[in-house]
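Protein chains in written order, with this note's numbering: chain A, 1 to 111; chain B, 1001 to 1115. Below is one structure, written out as structure tokens; the observations come after it.
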């Protein structure tokens, strides 16, 4: 079983839709949960991070962590064509100094 | 701008030839990483370094070696390139100012094709 599972998509939605991206993980030692955004032919860049369970909001983006079910989500409200990118979830285990990535979900927002 | 430069950005080589990719940082960060990215696999860790001359293996280290003789440079070497090493390689640095969230800053990537 992979430590982090993410549906690779692709996912295509119309502009203005609410987008939900999800990951599951198997290692309960993970402490920090992140979402990276990667535009085509660019390096990934950090979008948001959360520690432990709960929600974190930043503008149109909300990250949600449910440690009891080992499930994390990223919600994008009022999606824009500029949100079209690959979104990667990642988890950091401080004890092992290890950052593990999901496979990435390719998202397209259609005008 | 996280001050990371990868070179070369693109390279085409033949099977069996040695290849070295260079990652240069201007931020004096202790931790540096090499990842490869392939369709369906996401980012997979090849090697990482936690200081000058201090390196460790990641999950896909076979066929790769690294060296770090200076804080600012982290080299990834493919001693004898194979077609399975065709990929996009990303270097990353980890900033440890304040809370250690594990956040990485990535370079622009080096696209390697092995024929």
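C-beta: ideal position from N, C-alpha, C; glycine also. These numbers were taken from a predicted model, which means no experiment stands behind them.
By a beta-carbon distance limit of 8 Å, residue 1046/B contacts residue 1076/B. Their separation comes to about 7 Å.
Judged by beta-carbon spacing, residue 1083/B lies within the 8 Å limit of residue 1015/B, meaning their Cβ atoms are closer than that value. Taking C-beta separations shorter than 6 Å and ignoring five residues to either side along the sequence, the partners of residue 1033/B in its chain run 1048, 1092, following chain order. Note on geometry: alpha-carbon atoms of residue 80/A and residue 13/A lie some 10 Å from one another. In the three-state DSSP reduction, residue 31/A falls in the coil class, being neither helix nor strand. Between residue 1074/B and chain A, the shortest Cβ-Cβ separation is not below 8 Å. Annotated as distal: residue 1086/B and residue 1060/B, with beta-carbon spacing of 8 Å or more.
At least one C-beta of chain A is nearer than 8 Å to the C-beta of residue 1041/B. Under the three-state reduction of DSSP output, residue 1040/B falls in the coil class, being neither helix nor strand. Residue 1026/B is a Cβ neighbour of residue 1072/B, given a cutoff of 8 Å.
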